[in-house]
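I have placed the structure first, in the form of structure tokens, so that the comments after it can refer back to it.
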């Protein structure tokens, strides 16, 4: 798809690093041909600033955790506190971008500042994220049984986040029927280090848990007798710490990917990025979603439905044994997964940018007239 260089505003939500790592892939492609300014909050700003010019730090919403669950009151309080200091900064960035950069199109990875900028300036907004699968697809009632209220609440939040976009490019490893127009389901965006990794059979479990203290989990992993390479629970480490069959490891992108590609299986939350990387490398996953985040539960439910792994609300010795018994069958199911790198996503994004270049500001007029925003 050929079209003239454009001025693109790219928004990245800063909660969790998955949005930043996948945005990096698309930004590397876009910055070769276009002038791109990036707005991003949280830890993702440091990650992207090391790789790209024109990265603008903004204030964004955060989530407070304790153990493997969301602390709702603490989340509300820390966001109220953050907003007092953060909103003036965002408003300043807003006017600077409008006056100096003057974007022609917006790409948003579930990020509100860039979306609102695009809407207020009547620019086409292209949504690129995995969350929209919740709202823009139809999900089997049998899959959602027992989770109906959680699903509807999450769907309402997702729907309200980026309504009326020019197009929704939605990444996924599962493919429910699309129920809304202007929606394209595409394979997961994978960083080049994952695409280059060669999957090999191994004996260890890769365990990724962001809870800094979870003695019950570590005792269960010890009782399994399997070698476990654990990331996320001891963040102050500078070298490996071994306790019986457990090895606590400091975070290293290269080391983590090496442990992933050679793992017997993965024990982790329900975050989309790691799950999609494990699926690509054909590694069965035991998913323990964070309580209070239904998006993670939905990922885990589809993972189990496809036979790629197992969902569990909490880890017990029986759950772990059940999962380990399923690993050979899950590994066999994963052999049927196919993905040609990021080819389809990059082609789809370029196609939508070309369409946006021809739009000339008509999109919001039509959307408002038809009541879509």
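In this note's numbering, the protein residues as written are 1077 to 1449. From the three backbone atoms N, C-alpha and C, an ideal C-beta is built for every residue, glycine too.
For residue i, the three-state DSSP class (helix, strand or coil)
{"i": "residue 1241", "result": "coil"}
{"i": "residue 1089", "result": "coil"}
{"i": "residue 1324", "result": "strand"}
{"i": "residue 1391", "result": "coil"}
{"i": "residue 1334", "result": "helix"}
{"i": "residue 1139", "result": "Since pLDDT at residue 1139 reaches only 37, below the 50 mark, its modelled position is unreliable, and no value is offered."}
{"i": "residue 1083", "result": "strand"}
{"i": "residue 1117", "result": "coil"}
{"i": "residue 1194", "result": "helix"}
{"i": "residue 1312", "result": "coil"}
{"i": "residue 1346", "result": "coil"}
{"i": "residue 1270", "result": "helix"}
{"i": "residue 1425", "result": "helix"}
Reference residue i; option with closest CA among the options
{"i": "residue 1181", "options": "1128, 1113, 1123, 1118", "result": "1113"}
{"i": "residue 1325", "options": "1333, 1340, 1124, 1308", "result": "1308"}
{"i": "residue 1367", "options": "1226, 1238, 1239, 1105", "result": "1226"}
{"i": "residue 1198", "options": "1207, 1213, 1214, 1179", "result": "1179"}
{"i": "residue 1080", "options": "1096, 1234, 1110", "result": "1110"}
{"i": "residue 1362", "options": "1349, 1379, 1356", "result": "1379"}
{"i": "residue 1218", "options": "1377, 1093, 1402", "result": "1377"}
{"i": "residue 1250", "options": "1083, 1426, 1413", "result": "1413"}
{"i": "residue 1258", "options": "1213, 1117, 1123", "result": "1213"}
{"i": "residue 1341", "options": "1425, 1280, 1300, 1121", "result": "1280"}
Identity of the residues DSSP links to residue i by a beta bridge
{"i": "residue 1386", "result": "1362"}
{"i": "residue 1111", "result": "1083"}
{"i": "residue 1319", "result": "1322"}
{"i": "residue 1341", "result": "1281"}
{"i": "residue 1307", "result": "1284"}
Span separating the alpha-carbon of residue i from that of residue j
{"i": "residue 1119", "j": "residue 1316", "result": "24 angstroms"}
{"i": "residue 1175", "j": "residue 1364", "result": "46 angstroms"}
{"i": "residue 1389", "j": "residue 1216", "result": "20 angstroms"}
{"i": "residue 1223", "j": "residue 1338", "result": "34 angstroms"}
{"i": "residue 1252", "j": "residue 1211", "result": "11 angstroms"}
{"i": "residue 1276", "j": "residue 1352", "result": "17 angstroms"}
{"i": "residue 1240", "j": "residue 1399", "result": "41 angstroms"}
{"i": "residue 1381", "j": "residue 1177", "result": "46 angstroms"}
{"i": "residue 1229", "j": "residue 1236", "result": "11 angstroms"}
{"i": "residue 1293", "j": "residue 1311", "result": "16 angstroms"}
{"i": "residue 1146", "j": "residue 1345", "result": "Bear in mind that a pLDDT of 38 at residue 1146, under 50, signals an unreliable position, so the model cannot answer this."}
8 angstroms Cβ cutoff, residue i in contact with chain D
{"i": "residue 1366", "result": "Checking the listed chains, one finds no chain D in this structure; it contains a single protein chain."}
Meets three-Cβ-pair contact criterion under 8 angstroms: the region 1185-1192 and the region 1081-1088: By the C-beta criterion, the region 1185-1192 is judged to be in contact with the region 1081-1088, since at least 3 inter-stretch pairs fall below 8 angstroms.
Given 8 angstroms, three or more beta-carbon pairs between the region 1190-1206 and the region 1243-1252: When C-beta atoms of the region 1190-1206 are compared with those of the region 1243-1252, three or more pairs fall below 8 angstroms, so the two segments count as touching.
Segment contact, 8 angstroms Cβ cut-off, at least three pairs: the region 1394-1414 with the region 1231-1244: The region 1394-1414 vs the region 1231-1244: no contact.
Inter-stretch contact (C-beta, 8 angstroms, three-pair minimum) for the region 1253-1265 and the region 1419-1435: Output reads yes: the region 1419-1435 touches the region 1253-1265.
Contact between the region 1369-1386 and the region 1428-1435 (3+ Cβ pairs under 8 angstroms): The region 1369-1386, when compared against the region 1428-1435, does not touch it at the 8 angstroms Cβ threshold.
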